[in-house]
Amino acid sequence: MLFSWIGRRIADAMTDSFLHTFINERYTESLYELVSTTQKMGVTNLVETAYRAEQGKPLSRPFGSVVALSPWNQLLFNPVHLWRLPTPETETIDTTVVIGPRAAKPLKLDIPILIAGMSFGGAVSEQVKIALARAASLMGTATNSGEAGLLASERAAAKYFIGQYNRGGWLNTPEKLRQLDAVEIQLGQGAQAATPQRTQADQIGPDYRYVFELAEGQDAVIHTRLPGVDSPQDFISLVERLRRETDGMPIGLKFCATHHLEKELEIAVKAQVDFITVDGHEGGTHGGSTTLQDDVGLPTLIALTRTVRYLEQVGARSRMSIIASGGLRTPGQMLKALALGADAVYIGTAAIMALVSEQMSKTVPFEPPTELVFYSGKLKEKFDIEAGVRNLTGYLRSAMTDIEHVVLTLGKRSVSELDRSDLVSLDRDLAWICGVDYAFFPPQEQWRLHDAVIPPAARTNMLNGGARDGGKHADGVANVSVDGKHKIT
């Protein structure tokens, strides 16, 4: 009892002294100033400000932006019960997808989830590339080379392999391209746009130098433009040449989603590419500038919606596949992208996190998991390929089971049957943008959405006959009717 009494008296005295000092200090002299500054700046911004001050150069943040702008959580699926019955659980859901259906050699995959481009050397290690390829193969889907040369071990492990015709030029020869299953012309990516990149020679090992065909002491450089493509016509000619040189495999385009998206797509349509990879603002990267990651491009959801709408308007949707990419973190987000019009999705960060899930214990608490997977990682030799394959395969199986369950509840029998009618939006602006129903009005009253959403300027344009596609305006809304009501079409 005596010790308890003494302890309480000491604690009380210390607390009183602390509070007296804390309350009577000027704000500028109090440690609490750090708390309020952190609240104002945010933890990430405060830490990155210190990094900038110490290093004096742009920061390379792994895995892309910490800002998620796509409002996926405002979209929900519409299950059915009576007016259309759910699909019996005894039926098998068709999850197959075809990339480039009009190509002479279309790419047929078992699932619509693909592994995004992550380059050997420039990003991840050879062990990681092999694990990604093997897991993709077990699931009957494709992996992507990223901006790199042709890594023989990755090609051997990949059942389906998409290679990037890239701005570094390392995979751009006919003999290498013919070893692929599809060619993706890489003009940029969501997390870096078309920024140039350089890997210094002293960071390049013999294996990296061999695959990239670099001379001793030569840097690896990614340019802002593709070599030899200095005009839209040059791009069109490139697509024609690649189609000849690869004997008809799908030729696609990957670019950073931009507000000029339709102008870019117009050229892609003229070039008759077989697929479009639209990479949104939330896309990951090995280490792009934080400003490029956070402040450049369009959110993935908006970019996908505009891509689908444009291709539908110009009559090119049926012959061009769309792959959505950029920050798709959950099976639900992937499925929503498919319902909005994507044929398939790429995952990058999610794939890496699944790959190293049980192996993080090899690095934490003293090192981040990136040390296991990056080419420059100090612990990359500890990465277990077999464990990585097992974990990524498990993740993909789990994701596909979730997707199949949702398709059953929608009363459909294949992933390809999903469309915008399967979604409803909790946000009226988003409903208008995506062409889906607004949750607060029943389907037969969706015309009410017009008066709640369309701004005066757009309404004036509609009344003045701004349509260019046979009565429908570029924003997807039909002309005003005689009685002043409008229906989203």
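With positions in the sequence shown counted from 1, the corresponding number in our numbering is that position plus 366. In this text, a Cβ means the ideal position worked out from N, Cα and C, and glycines have one as well. In this text, all values refer to a predicted model and were calculated from it rather than measured experimentally.
- Counting every other CB atom within 10 Å of its CB across the protein chains shown gives TRP371 a total below 16, marking it as exposed.
- A check of alpha carbon separations from ILE481 across SER511, GLU455, GLU492, ILE459 identifies SER511 as the nearest.
- Here TYR741 carries a coil assignment [DSSP, helix/strand/coil].
- Around the Cβ of PHE749, a 10 Å sphere holds 16 or more other Cβ atoms; the residue is buried.
- Nearest in C-alpha terms to GLY801, of all of LEU631, ASP585, GLY430, LEU706, is LEU706.
- Of the candidates GLY466, LEU546, PHE578, the residue whose Cα lies closest to the Cα of GLU513 is PHE578.
- According to the DSSP assignment, PHE621 belongs to the beta strand (DSSP E) that extends over 617-622.
- The shortest C-alpha to C-alpha distance from ALA690 to any of ASP645, GLN679, GLN725 is the one to ASP645.
- DSSP places ALA508 within a strand segment (E or B) once states are collapsed to three.
- Taking the Cα of GLU752 as reference, the smallest distance to any Cα among LEU721, LEU738, GLU811 is reached at LEU721.
- Residue environment analysis places LYS620 among the buried positions, since at least 16 neighbouring C-beta atoms fall within 10 angstroms of its C-beta.
- As far as DSSP is concerned, ARG610 takes part in no beta bridge.
- In the same chain as GLN699, and ignoring 5 residues on each side of it, the C-beta atoms closer than 7 Å to its own belong to TRP438, in chain order.
- For LYS542, the uninterrupted alpha helix (DSSP H) run begins and ends at 540-543, by DSSP.
- Cβ-Cβ distances below 7 Å link THR462 to LYS474, LEU475, ASP476 in the same chain, with the five nearest sequence neighbours on each side left out; the list follows chain order.
- Using a Cβ distance threshold of 8 Å, GLY692 and GLY649 count as a contacting pair.
- Selection ALA716, GLU582, PRO478 evaluated against LEU694 yields ALA716 as nearest (Cα-Cα).
- ASP803 has VAL790 as its beta-bridge partners, per DSSP.
- In this structure, THR561 lies near THR590, with their beta-carbon atoms less than 8 Å apart.
- Inter-residue distance for THR458 and LYS778 is about 11 Å (C-alpha atoms, whole angstroms).
- Nearest to LEU701 by C-alpha distance, out of LEU631, PRO593, ARG675, LEU670, is LEU670.
- By the criterion of at least three beta-carbon pairs nearer than 8 Å, the stretch 483-491 is not in contact with the stretch 727-734.
- DSSP, read as helix, strand or coil, puts LYS474 in strand.
- Close CB contacts of THR736 within its chain, under the 7 Å cut and outside five residues either way in sequence, are with PRO428, GLY743 (chain order).
- Annotation: PRO445 to TRP813 spans about 22 Å, alpha carbon to alpha carbon.
- Counting C-beta pairs with one atom in each stretch, the stretch 563-576 and the stretch 657-676 have fewer than three that are closer than 8 Å, which means they do not touch.
- In the structure shown, LEU815 falls within a helical segment according to DSSP collapsed to helix, strand and coil.
- For SER519, the uninterrupted alpha helix (DSSP H) run begins and ends at 518-523, by DSSP.
- Residue environment: ILE769 is assigned as buried (16 or more neighbouring CB atoms within 10 Å of its CB, all protein chains considered).
- The three-state reading of DSSP puts GLY373 in helix, counting H, G and I together.
- DSSP, reduced to helix, strand and coil, places THR403 within a helical segment of the structure shown.
- In terms of Cβ geometry, SER791 and ALA805 form a close pair [threshold 8 Å].
- If you look at VAL490, you'll find it isn't in any beta strand (DSSP E); DSSP assigns it neither H nor E.
- Straight across, the Cα-Cα distance linking GLY466 with PRO616 is about 5 Å.
- Straight across, the Cα-Cα distance linking GLN638 with LEU664 is about 24 Å.
- Cβ-Cβ distances below 7 Å link ALA524 to ALA499, ALA502, SER503, THR509 in the same chain, with the five nearest sequence neighbours on each side left out; the list follows chain order.
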